[in-house]
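Chains A and B, in that order, give the protein sequences. So the first sequence is residues 3 to 188, counted in my numbering. So the second sequence is residues -5 to 308, counted in my numbering. Ideal Cβ positions, reconstructed from N, Cα and C, are used throughout, including at glycine. For reference, the structure discussed in these notes is given below.
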Amino acid sequence: MNQMTSNETMAEPTSTIRLSVNGRDHVLEVPDRKLLSDVLRQDLSLTGTHVGCEHGVCGACTVQLDGDPIRSCLIFAASAQDHEVTTVEGIGDDPENPSDVQQAFIDSHGLQCGFCTPGFITTIDAFVDENPDPTEEEAREAISGNLCRCTGYQNIVKAVHRTAELRAACGKQHSETDEEASEANR
Amino acid sequence: MKPSPLRIHRPKTIEEILELLSVHGTSGKIIAGGQSLVPVLNMRLAAPRNLIDITSAAGLDELEVVGDEIRVGALVSHRRLERDPATTSANPILADALRHVAHPAIRNRGTTVGSIAHADPNGEMPMILALTGGWVEVRSVRGARSLTTESLNVGPLETCLEPDELITSAVFPALRPGQRAGFDELARRSGDYGLAGVGMILSTDDNGVDRAGAEATITGLKAGFVSVTDIPDIIELDEFVAGTPLSQVSTILDDVISAIKGFIDPGGDIHASADYRRHLTGVIAGRLLKRLSRQRDGGGSPAGGSEMRQEGAR
């Protein structure tokens, strides 16, 4: 290998990317190889997204892409352009006013150390939208891609059901005011 | 656990993809969902200098049932295919197998065609394509060709695709009248690679014509495997099953299982010995064949698709 090619190999290709995260647009200059998880944490300081295994097994880095849960460690930030990214901060970022999923984790004691929690929050938030009244089996299947080493999962399964309860109650309140009863009960 | 430096290209049309592949094919890789490729890059098992990200290219996201064919474009995610009612009524084995592909969050991003191109013997969909007798459609700047799975799959994680070629779609044939199909798998944890998996298509003479209560007879059986063969090899088991009434399936079970156990070639590793995988494959195959024989309606033609065929799928 001559000097020229070895220099080429070492060069770090970068690109200017447009990323839409939690409803805000960002223009960033990042290395092409930079994973979405690292851009969220390092460039946007959204450190709620945790990085565990970095090969898609643990689920801690789960974010929503256009509303669907995906692994942010298995997608390049450049590839997330033209999509809407939602992190755990986009679901709820105020300790005084937690989202329904976050409240459900508090109510059900669904966390201990909290490392895996953001991945569960983003996963369950999307799942309950899709399945507002899950069976226990469905709840377990929904979180089967997220690892937790503290809780033993029982209280996380409870948190899925608690989220569904809270969201249904909230949906009912909405329906009384804006006639979306049939939508909310689906 | 970070990829080595690379350049990401984001072509907007199939033509642009093919142009890029003709230049960078040998030093690069196509990336779609990336759910197998990015872990490989993160662990630096591969270090391509160029990635051709096809996810923003137009014309690769078709998913439709046309006649007897389920046509799946290169950008169709596992999840979209799994949930597509027309696909499930044309051939329920796709959704049946897709539910075993990793986790929902991986299926949201991973593509079925990408899985076929990756050609992992632990992957479900390369085998399903082979079992159903499907093929892939391939393009490059040099032209287009169709490849059956037999010619596509050269070895574990190895296809006959040239560096400048792109799989634009995979085509899965629908079940024919009288056919039933299913898939099952055992893994150590939910979403892990299967220790062993089996897909089956059972053919009967029940072609939907009124048989005045007469019992259907088995006319054929074929099976394919996950994690216990190097490439998606399919075994034809007609000789063991043809002529047996559906209710008598227990009389042929042992023959079918022993033929399958002789056919497969599992390896042993830290998760399971070769013998254990062979044993598991036999157990899964036996259960699956019994399930298919009892199933009232195992899939079938798109014409019958409005019936509640999804009951077993969820």
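Check residue i in the structure and name its three-state DSSP category.
i, result
"B/V135", "coil"
"A/T153", "coil"
"B/R271", "helix"
"B/N147", "strand"
"A/K174", "helix"
"A/Q66", "strand"
"B/T223", "coil"
"B/K284", "helix"
"A/P71", "strand"
"B/I251", "helix"
"B/A68", "coil"
"A/F78", "strand"
"A/D45", "helix"
"B/S163", "strand"
"B/G298", "For B/G298, the predicted structure reports a pLDDT of 34, less than 50, and the residue's modelled location is therefore unreliable. A value from the coordinates is still provided. Helix."
"B/T7", "coil"
"B/Q173", "strand"
"A/H111", "coil"
"A/V90", "helix"
"B/H18", "helix"
"A/H189", "Summary: the structure shown does not reach residue 189 of chain A, with chain A confined to residues 3 through 188, and so no result is reported for it."
"A/L21", "strand"
"B/K(-4)", "coil"
"A/P136", "coil"
"A/I126", "helix"
"B/T105", "strand"
Comparing alpha-carbon positions, which option in the options lies nearest residue i?
i, options, result
"A/G61", "B/E152, B/L0 and B/S184", "B/S184"
"A/D68", "A/A82, A/L76, A/E14 and A/G58", "A/A82"
"A/E31", "A/T137, A/A141 and A/A80", "A/A80"
"B/S30", "B/I100, B/I278 and B/S(-2)", "B/I100"
"B/A168", "B/L151, B/R73 and B/A89", "B/A89"
"B/G19", "B/D224, B/E156 and B/F177", "B/E156"
"B/V222", "B/D248, B/A236 and B/I258", "B/I258"
"B/I313", "B/H94, B/A253 and B/I246", "Residue 313 of chain B cannot be examined here, being either before or after the span of chain B that is shown, -5 to 308."
"B/R43", "A/V23, A/A13 and A/V41", "A/A13"
"A/V162", "A/C152, A/E139, A/K174 and A/G173", "A/E139"
"B/P171", "B/L45, B/P33, B/S83 and B/L282", "B/S83"
"B/A190", "B/L160, B/D263, B/E63 and B/D158", "B/D263"
Could you tell me which chain B residues have their CB closer than 7 angstroms to the CB of residue i, listed as they occur along the chain?
i, result
"A/D27", "Going along chain B, no residue has its Cβ under 7 angstroms from A/D27, so there is no contact; the nearest lies around 17 angstroms."
"A/T125", "A99"
So which residues of chain B does residue i contact, with C-beta pairs closer than 8 angstroms?
i, result
"A/I77", "G28, V32 and R103"
"A/A80", "I2, R4 and D47"
"A/D71", "According to the sequence shown, residue 71 of chain A is Pro rather than Asp. Those within 8 angstroms of A/P71 in chain B are P98, A99 and N102."
"A/S17", "I2"
Could you pull the DSSP bridge partners for residue i from this structure?
i, result
"B/I2", "B/L45"
"A/P33", "A/T16"
"B/K216", "B/I195 and B/E230"
"B/V60", "B/E63"
"B/E118", "Partner(s): none; B/E118 has no beta bridge."
"B/E179", "B/G191"
"B/L141", "B/V130"
"B/V152", "The residue asked about is misnamed: residue 152 of chain B is Glu in this sequence, not Val. DSSP lists B/G149 as partners of B/E152."
"A/K160", "A/K160 pairs with nothing; no bridge assigned."
"B/I25", "B/D47"
"B/P239", "B/T211"
Taking its Cβ as the centre, do 16 or more other Cβ atoms sit within 10 Å of residue i, making it buried, or is it exposed?
i, result
"B/V60", "exposed"
"A/H111", "exposed"
"A/G154", "exposed"
"A/N99", "exposed"
"B/A227", "The sequence given here places Asp at residue 227 of chain B; Ala does not occur at that position. Burial call: buried."
"B/P(-3)", "buried"
"A/Q156", "exposed"
"B/P115", "buried"
"A/D131", "exposed"
"A/R20", "exposed"
"B/C154", "exposed"
"B/A175", "buried"
"A/Q104", "buried"
"B/S244", "exposed"
"B/I11", "buried"
"B/Q242", "exposed"
Taking Cβ-Cβ distances shorter than 9 angstroms, what residues in chain A pair up with residue i?
i, result
"B/N116", "Under the 9 angstroms cutoff, chain A gives no residues; its nearest Cβ is about 14 angstroms from B/N116."
"B/K(-4)", "R35, K36, L37, D40 and E56"
"B/M37", "E56 and H57"
So which residues on chain A does residue i lean against when the C-beta distance must stay under 8 angstroms?
i, result
"B/S184", "E143, S146 and G147"
When you measure from the CB of residue i to every non-hydrogen atom of the ligand SAM, does any distance come out below 7 angstroms?
i, result
"B/T20", "Ligands are entirely absent from the displayed structure, and the ligand SAM is therefore not among its contents."
Given that residue i touches chain B, what residues does it touch there, using C-beta distances under 9 angstroms?
i, result
"A/H14", "Here residue 14 of chain A turns out to be Glu, not His, going by the sequence shown. Residues of chain B passing the Cβ test: P(-1)."
"A/T64", "A99"
Name the chain A residues that come within less than 7 angstroms of residue i, Cβ to Cβ?
i, result
"B/S50", "D84"
Checklist line | Within 7 angstroms of chain D by C-beta, residues of the stretch 47 to 60 of chain A in sequence order | finding: Absent from the structure: chain D. Protein chains present are A and B.
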